[in-house]
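Visitor: Here the sequence shown is numbered in our numbering, starting from 4 and rising by one per residue. Think of the CB as a built atom: it goes at the ideal place given N, C-alpha and C, for glycine as much as any other residue. First the structure, then my questions, so here it is.
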Amino acid sequence: MLIGAHVSTAGGLENVLERAKETTSDAIQIFNQSPRMWRPTKYSEDDFAAFREGREGTRLQEVMIHMIYLINPAAGDREMQKKSLESLTHALRVAEGIGALGVVVHPGALKQDSRATAKKRAVKLLKEALARTDTARIVYENTAGSPQLLGLDFDETAELIEKTGTKRVGLCIDSCHLHATGYDVRSNEGVAELVDEIESKVGLDKLLAIHLNDSRDARGSNRDRHAAMGKGEIGRKGFRAFLSEPRFDGIPAVSESPGLGGKGPDKAEVQLARRLRREGRKARGLKD
Ligand SMILES: [Zn+2]
Ligand SMILES: [Zn+2]
């Protein structure tokens, strides 16, 4: 598992690598622009080249981009569709520029329409964004928080992935969202069952990224409120099981939590995750 943090891009891409180092991240996630504004951040080819060169020789092995929260690929509203498409296309281009593994996307939410219509719209928009770009992948994240969201379970995510119908698509799982939607991420058996389900419905080769968030709410609450690792309902014991799942080996896994210091994902949390993973592996009788 390549453990790391979601880090800020404040001050430009050059600061991102500094923050990756500070947090001892083997993988990071960034927003390609301010997550609550439509205005895209303009990067030059030089910015991209400097980032790619700056990464070389560091411990940082994977970078992912998280799509801004404003988009809704499933929207029926024309203006929202247009803005979502432009924004997603921009994020995919930035991903290509910096050599990121892909863009993590929440597939959207339905308003008055049926799930089937919402899904159709989301897939159409995502396919269009892929057609406008070259290599970057869209990585669907499993969601939690409202019954209106697409992607609450792996049947639906599998359907979205299948209908998008390209190799440039993958899956991201979030421990908090899984816990909120009723999965047991706190025991070895529960995590094994979860991975079995992903394997049979989506395919393990599609599992490209993991978000490591503890949850402030009870299992099955369908609430999406992140807690720092060990400070929520999943707890240290739960993360020992989740982090040590052997089929997660090699996958980038980043925290998007408030962090142990309360200022966002930090070095202490990244190092705690590594320690809990080691302890979990030991308890399973696995070597480091
Ligand atoms: Zn997440
Ligand atoms: Zn969340």
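Using the DSSP secondary-structure output, state which residues sit across from Tyr143 in a beta bridge.
Guide: In the DSSP output, where bridge partners are listed per residue, Tyr143 has Val108 and Leu174.
Visitor: Classify Ser87: buried if its beta carbon has 16 or more other beta carbons within 10 angstroms, exposed otherwise.
Guide: By the neighbour-count rule (16 or more Cβ atoms within 10 Å), Ser87 is buried.
Visitor: Given that a residue counts as buried once 16 or more other Cβ atoms are within 10 Å of its Cβ, and exposed if not, what is Pro38?
Guide: Pro38 comes out exposed.
Visitor: Hey, would you say the C-beta of Glu144 is under 7 Å away from at least one heavy atom of ligand 1?
Guide: Yes, the beta carbon of Glu144 sits closer than 7 Å to at least one heavy atom of ligand 1.
Visitor: Distance, Cα to Cα, Lys270 vs Asn216?
Guide: Distance between the alpha carbons of Lys270 and Asn216 is about 15 Å.
Visitor: Looking at the structure shown, is Gly7 part of a helix, part of a strand, or coil, going by DSSP?
Guide: Reduced to three states, the DSSP call for Gly7 is strand.
Visitor: Excluding sequence positions up to five away, which residues of its chain have a Cβ less than 7 Å from the Cβ of Ser1?
Guide: Here the chain has residues from 4 to 291 only, and residue 1 is not among them.
Visitor: Looking only at DSSP bridge pairs, what is Asp217 linked to?
Guide: Answer is Ala230.
Visitor: Ordered along the chain, which non-local residues of its own chain (more than five positions away) have a Cβ less than 7 Å from that of Met83?
Guide: Excluding sequence neighbours, Met83 sits near Asn75.
Visitor: Return yes when the Cβ of Val97 is within less than 8 Å of the Cβ of Ile141, no when it is not.
Guide: Result no, Cβ atoms of Ile141 and Val97 do not sit closer than 8 Å.
Visitor: Roughly how many angstroms separate the alpha carbons of Val126 and Ala77, rounded to a whole number?
Guide: Looking at the two C-alpha atoms, the distance is approximately 8 Å.
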